[in-house]
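In this text, residue positions in the sequence shown follow my numbering: the first is 25, and each later residue adds one. The C-beta atom is built at its ideal place from N, Cα and C for all residues, glycine as well. What follows is one structure encoded as structure tokens, with my remarks underneath.
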Amino acid sequence: MALVVGGRACVHSLAGRPELNGELVSLLSYDDAASRWTCRTSDGGRVALRVANLQPMRDGGAPPPSAARAWARRLASLPWAHFAGGLLVTLLVGQLFLRGGGWPGGGGKGGGGR
């Protein structure tokens, strides 16, 4: 697979802007002097990237498996992912609490025995 104008690629291994790792970009042009591709990000921004930081997309538009893993890591690193995980635990504990008869020594559903 080759990088071509009009093609798509997945960004990887960026140290200076790690938030772009896993991002799918459109390839706009190649600058020989700078040895970088000008790319459009999903939010419409432009960024110049080295070939070493771009993984061409497969035919059909699906990212390669390594890009999918990078995207999953990026998603998991977002602060809301931790919130959503905490919310899920809270909901599960709530269900157990309602079915289990309340706090230990509390006497009844949801009731706290103070």
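With a Cβ-Cβ cutoff of 8 Å, do Gly-46 and Cys-34 count as a contact?
yes
Leaving aside the five residues before and after Leu-44 along the sequence, list all residues of the same chain whose C-beta is less than 6 Å from its C-beta, in chain order.
Val-35, Leu-38
Note down the Cα distance separating Tyr-54 from Arg-82, rounded to an integer number of angstroms.
20 Å
Residues that Ser-59 bridges to, as DSSP identifies them
In the DSSP output, where bridge partners are listed per residue, Ser-59 has none listed.
Leaving out five residues on either side along the sequence, give the residues of the same chain with a beta carbon under 8 Å from the beta carbon of Thr-65.
Leu-44, Glu-47, Val-49, Val-71
If Val-28 sits next to Leu-51, beta carbons under 8 Å apart, how far is it from one beta carbon to the other, in whole angstroms?
7 Å
Could you give the residue range of the beta strand (DSSP E) that holds Leu-73?
70-73
So, helix, strand or coil for Ala-76, using DSSP?
helix
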